[in-house]
Each structure stands twice: as structure tokens, then as C-alpha cells.
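Trainee: First the structure, then my questions, so here it is.
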Amino acid sequence: MKTTAISTGKANRLYWLGRYAERAYLSLHFLRRYFDLYLDGNEVDFKTYTNNLGPKLDGKLSFEEFSKLYIFDPKNPSSIMSSLKGANDNAILLREVISTETLAYIQLSVCYLEKLKEARADQAVNLLQKITDYLLAFFGSIDEKFFNDKSLSIVRYGRFIESMDMHMRFGYRFDVIREVFDSLLQLKNLENRVFDSYRLDNFDFMLNEYAYARNDESYIKDMLQLVNSLVVI
39 MKTTAISTGK
49 ANRLYWLGRY
59 AERAYLSLHF
69 LRRYFDLYLD
79 GNEVDFKTYT
89 NNLGPKLDGK
99 LSFEEFSKLY
109 IFDPKNPSSI
119 MSSLKGANDN
129 AILLREVIST
139 ETLAYIQLSV
149 CYLEKLKEAR
159 ADQAVNLLQK
169 ITDYLLAFFG
179 SIDEKFFNDK
189 SLSIVRYGRF
199 IESMDMHMRF
209 GYRFDVIREV
219 FDSLLQLKNL
229 ENRVFDSYRL
239 DNFDFMLNEY
249 AYARNDESYI
259 KDMLQLVNSL
269 VVI
């Protein structure tokens with residue numbers, strides 16, 4: 039594999055391409071979990087989903103209100119549409135790096151979600167699996183077509199950071215967070231300049247099973263701030 043130097047601007051775009059694509063992918067995953075409970079007749083307050091992403095909302099959201107804001111609204115930074123458009127904007131600027139074929143999977147996702155605006159909210163959620171499939175194809179294409187291991191690693195850095203952020207917000211098990219962080223540590227030496235070493239060591243020290251299991255709000259808040267400051271490009 040080639041290991042040529044990468045400009046700061048390109049590294050930033052690669053990193054955010056990984057983050058936005060992973061955010062869309064995981065948002066779809068978490069959304070389906072809530073929607074499955076909703077279909078099974080459980081009382082589901084979709085405000086819980088929105089509060090995990092922040093900022094916290096007052097009052098209870100109907101499913102129709104929720105879907106409009108958190109699936110389709112491009113102006114809401116926590117929506118699936120916003121994440122896909124963020125990924126698409128970076129992918130367009132990286133067309134020569136990631137290839138037109140790889141870019142197409144993101145553009146197909148955006149176009150498909152635009153079409154789903156016309157469907158009923160409950161029908162739209164059932165049809166979102168196609169976007170998950172496009173994103174999985176996108177990730178696979180990135181792995182297949184990147185011949186610069188540093189470029190591929192920076193996309194993965196973005197994915198790992200976003201994965202830790204999202205899984206902590208939704209209260210996933212400690213071992214899930216630890217596994218993703220360990221994967222990040224294994225890759226960091228390929229493009230070490232993008233990391234803040236002090237914050238990386240501090241996050242590693244603070245990420246322990248006992249502290250995480252307490253689910254203390256201030257601890258989680260500090261860890262989220264820290265994980266989002268590990269990469270400095």
C-alpha cells in the first residue's frame with residue numbers, strides 16, 4: 039500500500055466523511071430499535087432518542103413530529119438527512135480519492151431519503167433498510183478501493199470516534215466502547231499527527247468499567263467532550 043503524505047485539508051475531509059457516514063449508519067440502527075418497540079405496542083417516548091443526541095427537548099414528541107425533525111430535516115444536525123448530506127459534501131470533494139463509484143452510494147442514500155419524504159412516517163421507517171445497505175456498500179467500497187493506508191485509516195478514525203460518541207450517548211455496554219477504542223489505538227500510529235496524545239492517554243485512563251457502569255451524567259458528559267477532542271485536524 040502507498041503511504042504518501044496527506045494534506046491537513048484532505049485529512050479533515052476524510053475524517054468527517056467517516057464521522058458523518060457512521061453517524062447516519064448508527065442513527066438508522068438506533069432508530070429501528072425504538073421503532074420496533076413502538077410497533078410491538080410498547081409506550082415509546084421518542085424524546086429519549088432525541089435527548090441522547092442533544093440538545094434536550096421539552097414535552098413529548100409524536101412519531102410524526104419526530105420523523106420530520108430527526109429523519110428528514112436537513113437543518114437539524116442530529117437528523118439522518120443532515121448526516122448523509124454532510125457525508126455527501128465531503129465525498130464530493132474527495133471524488134478523486136474515493137472514486138465515483140464509492141461516492142454514488144452516498145448520493146443514492148440522499149436521493150432515496152428525499153423520496154421517502156412523501157411516504158407516511160411509519161412506512162418510511164420500514165423502508166430505511168435500503169439506506170443501511172447503501173452505507174454498508176459504501177464502507178465496503180472504501181475498504182476495497184483505498185490504496186493509501188493513511189487515507190483509509192483517517193476515515194476509520196472518524197468512524198471510531200463517532201461510534202464511541204454514539205454508543206456512549208445510547209448507554210451501550212462498556213466492552214463495546216472499549217473494543218472500538220482499542221481498534222483506534224491499533225491504527226493511530228499510521229497518521230499519529232492527527233491525535234492529541236495527552237487527551238488520548240487521559241481518555242484511556244478514564245475509560246474504566248467501574249466508572250462507566252455507574253452511568254453518572256457528569257462522567258458521561260466529560261467522556262463525550264473528551265472523545266470529541268481526540269482528533270485535532
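The opening position of the sequence shown corresponds to residue 39 in my numbering, with each subsequent residue numbered one higher.
Just so it is clear, CB atoms sit at the ideal spot from N, CA and C, and this is done for glycine as well.
Relative to the C-alpha of Ala62, which candidate in Glu217, Phe110, Arg51, Pro93 has its C-alpha closest?
Mentor: As a first step, residue 62 is located in the sequence shown; it is residue number 24 there, counting from the start. Cα-wise, what sits closest to Ala62 is Phe110.
Trainee: Evaluate Thr41 with the Cβ neighbour count: other Cβ atoms within 10 Å of its Cβ, from every protein chain shown; 16 or more gives buried, anything less gives exposed.
Mentor: Locating residue 41 in the sequence shown gives position 3, where the first residue counts as 1. Here the model assigns Thr41 a pLDDT of 49, short of 50, so the residue's position is not dependable, and the following value carries that caveat. When all chains shown are included, Thr41 counts as exposed.
Trainee: Return the CA-CA distance between Phe13 and Leu264, expressed in angstroms with no decimal places.
Mentor: Residue 13 cannot be examined here, being either before or after the span of the chain that is shown, 39 to 271.
Trainee: For the alpha helix (DSSP H) containing Gly196, name the first residue and the last one.
Mentor: For the purposes of this step, residue 196 is taken as the residue at position 158 of the sequence shown. Element bounds for Gly196: 187-207.
Trainee: In angstroms with no decimal places, state the Cα-to-Cα distance between Ile180 and Ser116.
Mentor: The count along the sequence shown starts at 1 and reaches residue 180 at position 142. The count along the sequence shown starts at 1 and reaches residue 116 at position 78. Whole-angstrom Cα-Cα distance: 24 Å.
Trainee: Note the first and the last residue of the continuous alpha helix (DSSP H) segment covering Tyr108.
Mentor: For the purposes of this step, residue 108 is taken as the residue at position 70 of the sequence shown. Unbroken run through Tyr108: none, as it is neither H nor E.
Trainee: Please report how far the alpha carbon of Asp187 lies from the alpha carbon of Ala49, in whole angstroms.
Mentor: What you label residue 187 is simply residue 149 of the sequence shown in a count that begins at 1. What you label residue 49 is simply residue 11 of the sequence shown in a count that begins at 1. The straight-line gap from Cα to Cα measures roughly 12 Å.
Trainee: Per the DSSP calculation, Phe233 is bridged to which residue(s)?
Mentor: Counting from 1 along the sequence shown, the entry for residue 233 is found at position 195. For Phe233, which the question treats as bridged, DSSP gives the partners Val269.
Trainee: Between which two residues does the alpha helix (DSSP H) harbouring Tyr210 extend?
Mentor: Indexing the sequence shown from 1 puts residue 210 at position 172. Premise fails: Tyr210 is in no alpha helix (DSSP H) and is neither H nor E.
Trainee: Going by alpha carbons, who is nearest to Asn227 out of Tyr195, Glu182, Arg237, Leu245?
Mentor: By 1-based counting over the sequence shown, the position of residue 227 is 189. Considering only alpha carbons, the answer is Tyr195.
Trainee: In this structure, how does DSSP classify Arg57 when only helix, strand and coil are distinguished?
Mentor: Looking up residue 57 in the sequence shown gives position 19. Helix, per DSSP.
Trainee: Just how far apart, CA to CA, sit Met39 and Val135?
Mentor: In the sequence shown, the residue the question calls residue 39 occupies position 1. In the sequence shown, the residue the question calls residue 135 occupies position 97. Residue placement at Met39 cannot be trusted, given a pLDDT of 41 that sits under 50; what the coordinates show is reported in the next sentence. Whole-angstrom Cα-Cα distance: 14 Å.
Trainee: From which residue to which residue does the alpha helix (DSSP H) around Ser121 run?
Mentor: As a working mapping, residue 121 is identified with position 83 in the sequence shown. Per DSSP, Ser121 belongs to the alpha helix (DSSP H) from 118-131.
Trainee: Under 8 Å between the Cβ atoms of Lys183 and Thr140?
Mentor: Your numbering for residue 183 matches position 145 in the sequence shown. Your numbering for residue 140 matches position 102 in the sequence shown. Yes.
Trainee: Kindly indicate which three-state DSSP category Glu255 falls into: helix, strand or coil?
Mentor: Translated into positions along the sequence shown, residue 255 becomes position 217. Glu255: helix per DSSP, three-state reduction.
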